[in-house]
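J.: Structure provided below as structure tokens; questions to follow.
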Amino acid sequence: MRILYHSRKCGEVQISPCRMAQAKPGRFAWAKLTATRYHALMDDEFYMRAALALAQQAWAAGEVPVGAVVVFKDEIVGRGFNAPISCHDPSAHAEMMALRDAAQTLQNYRLPDVTLYVTLEPCAMCAGAMLHARVARVVFGAVDAKTGAAGSVLNLFGETRLNHHATLTGGVLAEECGALLSAFFAERRQRIKQSKV
Ligand SMILES: [Zn+2]
């Protein structure tokens, strides 16, 4: 298991992609390595933004704004947003919805070569479903200090007694993912306060 925490200000990105392109093969092996990391970081942010757009849809539906996408071979094959209230379904978390969508798209209950992006650290239920689905990699945005099962409360992805493990990356666009949740709860508190006046 590997946990990588990084942000937009990540020290790993040291030179611009333009200078990467100018690097001659062989002579600048370190530069190529950094370029690979740069593109991986940009890919993660790209897909996390797609998950954030889905989180906005959850908010529009009156649900806690969490979104998720499942990516297979650089293509989004599953999308989901938090919808337990509207679906009358306690399992309708963004990750569960995205996993179900991806499984239908790929016509397979096992998803061994996908990466799942979610705006909030997965709970134990969703982490368990990802491990059952054999998801290869999980990328999340903000941490969830109350129910996070990817390192905050417990870490199912690091549980060596389980039969499957996924690579874990946390903190991608964490500020934006967290700010969306904070704004949602602030608005909800304000609405409740006004309804009591
Ligand atoms: Zn969950």
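246 is the number of the first residue of the sequence shown in my numbering; add one for each residue after it. Note that the Cβ used here is the ideal one computed from N, Cα and C, for glycine as well.
(1) Would you identify the three-state DSSP class for Tyr292, choosing helix, strand or coil?
(2) DSSP state of Gly325, grouped into three classes?
(3) State the DSSP-derived secondary structure class of Gly416, mapped to helix, strand or coil.
(4) With a threshold of 8 Å, establish whether the CB of Glu340 neighbours any heavy atom of ligand 1.
(5) Counting along the chain, where does the beta strand (DSSP E) carrying Arg382 start and finish?
(6) Quick one: Cα of Ala419 to Cα of Leu365, how far?
(7) Less than 8 Å between C-beta atoms, sequence neighbours within five positions excluded: which residues of the same chain meet that for Leu297?
(8) Between the region 321-332 and the region 368-376, are three or more C-beta pairs nearer than 8 Å?
(9) Between the C-alpha atoms of Gln267 and Met287, what's the straight-line distance to the nearest angstrom?
(10) Is there at least one non-hydrogen atom of ligand 1 closer than 8 Å to the beta-carbon of Pro367?
(11) By how many angstroms is the C-alpha of Ala395 removed from the C-alpha of Leu401?
(12) Under a three-way DSSP split, which group does Glu432 fall into?
(13) Taking only heavy atoms of ligand 1 into account, decide whether any of them is closer than 8 Å to the Cβ of Cys371.
(14) Cβ atoms of Leu299 and Gly325: under 9 Å apart, would you say?
(15) Which same chain residues end up closer than 7 Å to Ala306 when comparing Cβ atoms and leaving out the 5 residues on each side of it in sequence?
(16) What three-state label does DSSP hand Glu320 in the structure shown?
T.: Quick answer:
(1) In the structure shown, Tyr292 sits in a helix (DSSP, three-state: H, G or I).
(2) DSSP, reduced to helix, strand and coil, places Gly325 within a strand of the structure shown.
(3) coil
(4) yes
(5) Run containing Arg382: 382-387, per the beta strand (DSSP E) assignment.
(6) 8 Å
(7) Here the set comprises Gly312, Thr364, Gly386, Leu418, Glu421, Cys422, Leu425.
(8) In this structure the region 321-332 does not touch the region 368-376; the number of beta carbon pairs closer than 8 Å is below three.
(9) Residue placement at Gln267 is flagged as unreliable, the pLDDT there being 43, under the threshold of 50; a coordinate-derived value is accordingly withheld.
(10) yes
(11) 6 Å
(12) The answer is helix: DSSP assigns Glu432 an H, G or I state.
(13) yes
(14) yes
(15) Ala328, Ser331
(16) strand
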